[in-house]
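Chemist: The structure's right below; bear with me while I get my questions together.
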Amino acid sequence: MFFSLIESSRSALAAIFANRLRSFLTTLGIIIGVASVIAVVSVTGGMSAFIGDSFASLGADSLTIRSYTPFEDLMKGIRSRLTPGDLELIEKRGEGIASITPVLEANRSSQIKYGPQTAYSLIMGTTYAYQDVAQSYTQIGRFLAQSDNLTRRRVAVIGEDVKENLNLPDNPINEYVELSGEWFKIVGLLEPMGDIMGQSRDNIVLIPYSTMVSILGNQSRIDIGIQLSLTPAANLENVVSQLTTVLRSAHDLRSDEDDDFRIQTAEQLMEQFDQILGTLTMVIGGIVSISLLVGGIGIMNIMLVSVTERTREIGICKAIGAKSNHILMQFLIEATLLSLLGGLIGLLSGYGLGMLISSSIPDFPPASVPLWAALLALGFSGFVGILFGILPAAKAARLDPIDALRYE
Amino acid sequence: MGNNTAVINLKNITKHYEMGSQLVRALDGINIEVERNDYLAFIGSSGSGKSTMLNILGCLDRPTSGQYDLNGKNVAKLYQNELSEIRNLEIGFIFQSFNLLPRANALNNVMQPLVYRNIGFRNRRSMAMEALTRVGLKERVDHLPNQLSGGQRQRVAIARALVTQPSILLADEPTGNLDSKTTLEIMELFDELHDEGHTLIVVTHEEEIAQHCRRVVEMKDGKIFSDNSSKKKAHEKAH
Chain A
39 MFFSLIESSR
49 SALAAIFANR
59 LRSFLTTLGI
69 IIGVASVIAV
79 VSVTGGMSAF
89 IGDSFASLGA
99 DSLTIRSYTP
109 FEDLMKGIRS
119 RLTPGDLELI
129 EKRGEGIASI
139 TPVLEANRSS
149 QIKYGPQTAY
159 SLIMGTTYAY
169 QDVAQSYTQI
179 GRFLAQSDNL
189 TRRRVAVIGE
199 DVKENLNLPD
209 NPINEYVELS
219 GEWFKIVGLL
229 EPMGDIMGQS
239 RDNIVLIPYS
249 TMVSILGNQS
259 RIDIGIQLSL
269 TPAANLENVV
279 SQLTTVLRSA
289 HDLRSDEDDD
299 FRIQTAEQLM
309 EQFDQILGTL
319 TMVIGGIVSI
329 SLLVGGIGIM
339 NIMLVSVTER
349 TREIGICKAI
359 GAKSNHILMQ
369 FLIEATLLSL
379 LGGLIGLLSG
389 YGLGMLISSS
399 IPDFPPASVP
409 LWAALLALGF
419 SGFVGILFGI
429 LPAAKAARLD
439 PIDALRYE
Chain B
5 MGNNTAVINL
15 KNITKHYEMG
25 SQLVRALDGI
35 NIEVERNDYL
45 AFIGSSGSGK
55 STMLNILGCL
65 DRPTSGQYDL
75 NGKNVAKLYQ
85 NELSEIRNLE
95 IGFIFQSFNL
105 LPRANALNNV
115 MQPLVYRNIG
125 FRNRRSMAME
135 ALTRVGLKER
145 VDHLPNQLSG
155 GQRQRVAIAR
165 ALVTQPSILL
175 ADEPTGNLDS
185 KTTLEIMELF
195 DELHDEGHTL
205 IVVTHEEEIA
215 QHCRRVVEMK
225 DGKIFSDNSS
235 KKKAHEKAH
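Chains as they are written, first to last, in the numbering used here: chain A, 39 to 446; chain B, 5 to 243.
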């Protein structure tokens, strides 16, 4: 059995290489299928490692609380809110909190002016605690101070992109920018943060929370976000459940009502992203398996032709003593090797394609193919070969030696 | 009588085909014994049943009825895979159109039957080299069939038949595709193989070929028409 396995592989390879062009065209379906799945996996693999790094920079032990309005309530014109009162309550009763800050964002990008230059940026009202919570520090100047909030000072800390967009000098400290018709003095420039999912985190203007409230006007209607970071000893789950209890009772929710807020951790964000990526990979995987299926059918087709062409050869082999299983193995191995070779070529070209894609996107991490994906791709193409080789191989094995010898 | 030296013993062998609604009696009650080191020719016109005879003798086909003892073992009712094994162990085929594997060189062609016996590469190689040396093709072992002349191809085929050391060499019109000079060379090789103790059965319609053989059996309408073996008559009396 072992000898004949080696022998079958040897003559299968001889048969495959005797018809190089045909073998290549036959396996093209497999090659394309495997190449595309490997390209996608190598790019998304690099991407998710990259995204993981960016989320870690958000601070794994930080929490964001936002109001959440279910769709039915939205239709009824009801909007859930988080209020400064909620913030005070959490500050007072929350346990395991290292620092906490309100975040008040304008609904959309706001216009900023500096001299003749105009730019759009995210304006965020927050407090000095934001720098610890968001791990965002200044490279020049200072961060927002507590006194800025108490006196509603018109000062701003800007991100790297804002400086670029407004053509501010390299040291923008003490320059004035116009925001919603008010003049703000720049007191600090943030360290660059890079971007997440293609969105820059450096196009941001931070102003004191109380200043933001007064700009937005009607204080009773505002809906704030709360960001907080935990003490090293605190347990994330405990803190989340305690905060949930505090906020539910503050919002007078009955036990059968859903939370009207969401507590998000950086980890959750990452999981959500991984989930999206996973779904994407699966969808592409589905498309690819269809192409592998088509590739397999192509192999079956050519193997059937090959069996017919080699009918006489099969007859000769049977005459000199080949049993059905020898012939079966011969063709099954040929189909499998053909498919595996296609898989191998696909693997290499997919990796090449992935590297090409990731190197053409600036700042993108290099493509990497995880071992499991490579093995899976090869395994699957081998499986396709066996699956679609069975029919032709069985046809060859069943041939009657006399008829086969007589075949012209 | 003489059963201990009989390689082949056919008893009342028939082979019937359905051709449409018609029943064709390709072999119709054949009784024949072939002894070790016999050198026998089946002759007859086309349709006489000699091809069917060859298929039955070569275990490529099973008779409709009757008993076929090959080396004392009845092979008439064996399954296809068992017949494959018998062919591999007992029979060396030599065909009119050589029937070599086109993509394999001479050496690999001769080694091929040994693959089905699970013989290791080294042994296979040395056995094949020996057989190729015997037929005088030692210098051409790495040639592909299409790089060899007709006579050389037939020699490769003979080497392939010899390499398994079979009980019988079964040749089907072995010189049908060869010119007269090469035909003579091949038949001389056959004569030598007979002298070395091989049992040869040749199916042919050419008188000159049959003349090389010690025993000539003529077939007609699926029956044995004549047999120049004196032993055959004795055999028939015994039954």
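Just so it is clear, CB atoms sit at the ideal spot from N, CA and C, and this is done for glycine as well.
1. DSSP has Pro246 of chain A in a bridge; who is on the other side?
2. Here's the rule I'm using: 16 or more other beta-carbon atoms within 10 Å means buried, otherwise exposed. How should Gly336 of chain A be labelled?
3. Would you say Leu136 of chain B and Ala175 of chain B are within 8 Å of each other, going by their C-beta atoms?
4. Going by DSSP in three states, Lys361 of chain A sits in which element: helix, strand or coil?
5. Confirm, please, whether the CB-CB distance from Ser61 of chain A to Leu376 of chain A is below 8 Å.
6. According to the Cβ coordinates, are Ala373 of chain A and Gly417 of chain A closer than 8 Å?
7. Name the DSSP bridge partner or partners of Trp1 of chain A?
8. Leaving out five residues before and five after His198 of chain B in sequence, what residues of the same chain have Cβ atoms less than 8 Å from its Cβ?
9. Which residues of chain A have a Cβ atom closer than 7 Å to the Cβ of Asp65 of chain B, listed in chain order?
10. Under three-state DSSP, which class holds Arg444 of chain A?
11. Which residues bound the beta strand (DSSP E) around Asn16 of chain B?
12. Does DSSP classify Ile3 of chain B as helix, strand or coil?
13. What distance in whole Å lies between the Cβ atoms of Ala10 of chain B and His20 of chain B, which are believed to be in contact at a cut-off of 8 Å?
14. Determine which residues of the stretch 351-370 of chain A have a Cβ less than 9 Å from any Cβ of chain B, and write them out in chain order.
15. Could one say the Cβ of Glu45 of chain A lies closer than 8 Å to chain B's Cβ atoms, at least one of them?
16. I'd like to know if Leu443 of chain A contacts chain E, where contact means its C-beta is closer than 8 Å to some C-beta of that chain.
17. Residues bridged to Ser267 of chain A by DSSP?
18. Can you list, in chain order, the residues of its chain whose CB lies under 7 Å from that of Val251 of chain A, leaving out five sequence neighbours each side?
19. If we define contact as Cβ-Cβ less than 8 Å, is Pro117 of chain B a contact residue for chain A?
20. When the cut-off is 8 Å and only beta carbons count, does Ala434 of chain A lie next to chain B?
21. Report yes if the CB atom of Ile350 of chain A is closer than 8 Å to the CB atom of Ala442 of chain A, and no otherwise.
22. With contact counted as at least three CB pairs below 8 Å, one residue from each stretch, are the stretch 100-120 of chain A and the stretch 301-314 of chain A in contact?
23. Do Asn150 of chain B and Pro117 of chain B have their C-beta atoms closer together than 8 Å?
24. Please state if the CB of Gly226 of chain A and the CB of Val195 of chain A are separated by a distance shorter than 8 Å.
25. According to DSSP, simplified to helix, strand and coil, what is Met223 of chain B?
26. Alpha carbon to alpha carbon, what distance is there between Val207 of chain B and Asp32 of chain B?
27. Ile322 of chain A and Val78 of chain A: beta carbons closer than 8 Å?
28. What in chain A is Cβ-close to Ser88 of chain B, meaning under 7 Å?
29. Apply the 10 Å Cβ neighbour rule to Lys142 of chain B and answer buried if 16 or more other Cβ atoms are within range, or exposed otherwise.
30. DSSP has Thr282 of chain A in a bridge; who is on the other side?
31. Below 7 Å on C-beta distance, what does Ala56 of chain A contact in chain B?
32. Among A:Asp124, A:Ser137 and A:Pro108, which has the Cα closest to the Cα of Arg117 of chain A?
Modeler: According to the structure shown:
1. Looking up residue 246 of chain A in the first sequence gives position 208. Partner(s): A:Thr164.
2. Position 298 of the first sequence holds residue 336 of chain A. Buried, because 16 or more other Cβ atoms sit within 10 Å of the Cβ of Gly336 of chain A.
3. Taking the second sequence and counting its residues from 1, the one referred to as residue 136 of chain B is at position 132. Taking the second sequence and counting its residues from 1, the one referred to as residue 175 of chain B is at position 171. It is not a contact, given that the beta carbons lie outside the stated cut-off.
4. As a working note, residue 361 of chain A is residue 323 in the first sequence. DSSP places Lys361 of chain A in coil when its eight states are reduced to three.
5. For the purposes of this step, residue 376 of chain A is taken as the residue at position 338 of the first sequence. For the purposes of this step, residue 61 of chain A is taken as the residue at position 23 of the first sequence. Against a cut-off of 8 Å, the Cβ pair of Ser61 of chain A and Leu376 of chain A comes out as a contact.
6. Against the first sequence, residue 373 of chain A aligns to sequence position 335. Against the first sequence, residue 417 of chain A aligns to sequence position 379. No.
7. Coverage of chain A is limited to positions 39 through 446, which leaves residue 1 of chain A absent and any answer about it impossible.
8. Here residue 198 of chain B refers to the residue found at position 194 of the second sequence. The answer, listed in chain order, is Asn41, Tyr43, Leu204 and Arg218.
9. Mapped onto the second sequence, residue 65 of chain B falls at position 61. In chain order: Ile440.
10. Within the first sequence, residue 444 of chain A is the residue found at index 406, counting from 1. The answer is helix: DSSP assigns Arg444 of chain A an H, G or I state.
11. Indexing the second sequence from 1 puts residue 16 of chain B at position 12. Counting along the chain, the beta strand (DSSP E) containing Asn16 of chain B begins and ends at Ala10 to Met23.
12. This structure gives no information on residue 3 of chain B, because the portion of chain B shown stretches from 5 to 243.
13. Here residue 20 of chain B refers to the residue found at position 16 when the second sequence is read from its first residue. Here residue 10 of chain B refers to the residue found at position 6 when the second sequence is read from its first residue. About 26 Å; that fails the 8 Å criterion.
14. Glu351, Gly353, Ile354, Cys355, Lys356, Ala357, Ile358, Gly359, Ala360, Lys361, Ser362, Asn363 and His364
15. Position 7 of the first sequence, counting from 1, holds the residue named residue 45 of chain A. Yes, Glu45 of chain A lies at the interface with chain B (some Cβ there is under 8 Å from its Cβ).
16. Absent here is chain E; the protein component of the structure consists of chains A and B.
17. Position 229 of the first sequence, counted from the first residue, corresponds to residue 267 of chain A. Beta-bridge pairing links Ser267 of chain A to A:Ser100 and A:Ser137.
18. Walking along the first sequence from the start, residue 251 of chain A turns up at place 213. These residues qualify, in order along the chain: Leu142, Gly163, Gln257 and Ile260.
19. By 1-based counting over the second sequence, the position of residue 117 of chain B is 113. Answer yes: the Cβ-Cβ gap between Pro117 of chain B and chain A drops below 8 Å somewhere.
20. Position 396 of the first sequence holds residue 434 of chain A. Chain B contact via Cβ: absent.
21. Here the question's residue 350 of chain A lines up with position 312 in the first sequence. Here the question's residue 442 of chain A lines up with position 404 in the first sequence. Per the sequence shown, residue 350 of chain A should be read as Arg rather than Ile. Contact flag set, yes.
22. yes
23. Stepping through the second sequence from its first residue, residue 150 of chain B is reached at position 146. Stepping through the second sequence from its first residue, residue 117 of chain B is reached at position 113. Contact flag unset, no.
24. Numbered from 1 along the first sequence, position 157 holds the residue referred to as residue 195 of chain A. Numbered from 1 along the first sequence, position 188 holds the residue referred to as residue 226 of chain A. Yes, the pair counts as a contact, with Cβ atoms nearer than the cut-off.
25. Indexing the second sequence from 1 puts residue 223 of chain B at position 219. Met223 of chain B falls in the strand class under three-state DSSP.
26. Position 28 of the second sequence, counting from 1, holds the residue named residue 32 of chain B. Position 203 of the second sequence, counting from 1, holds the residue named residue 207 of chain B. Taking the straight line joining both Cα atoms gives about 18 Å.
27. Stepping through the first sequence from its first residue, residue 322 of chain A is reached at position 284. Stepping through the first sequence from its first residue, residue 78 of chain A is reached at position 40. Yes.
28. As a working mapping, residue 88 of chain B is identified with position 84 in the second sequence. Per Cβ cutoff of 7 Å: Lys356, Gly359, Ala360 and Lys361.
29. What you label residue 142 of chain B is simply residue 138 of the second sequence in a count that begins at 1. Label assigned to Lys142 of chain B: exposed.
30. Locating residue 282 of chain A in the first sequence gives position 244, counting from the first residue. Paired residue(s): none; Thr282 of chain A is not in a bridge.
31. Position 18 of the first sequence, counting from 1, holds the residue named residue 56 of chain A. The answer, in chain order, is Arg107.
32. As a working note, residue 117 of chain A is residue 79 in the first sequence. Checked all of A:Asp124, A:Ser137 and A:Pro108; the closest Cα to Arg117 of chain A is A:Pro108.
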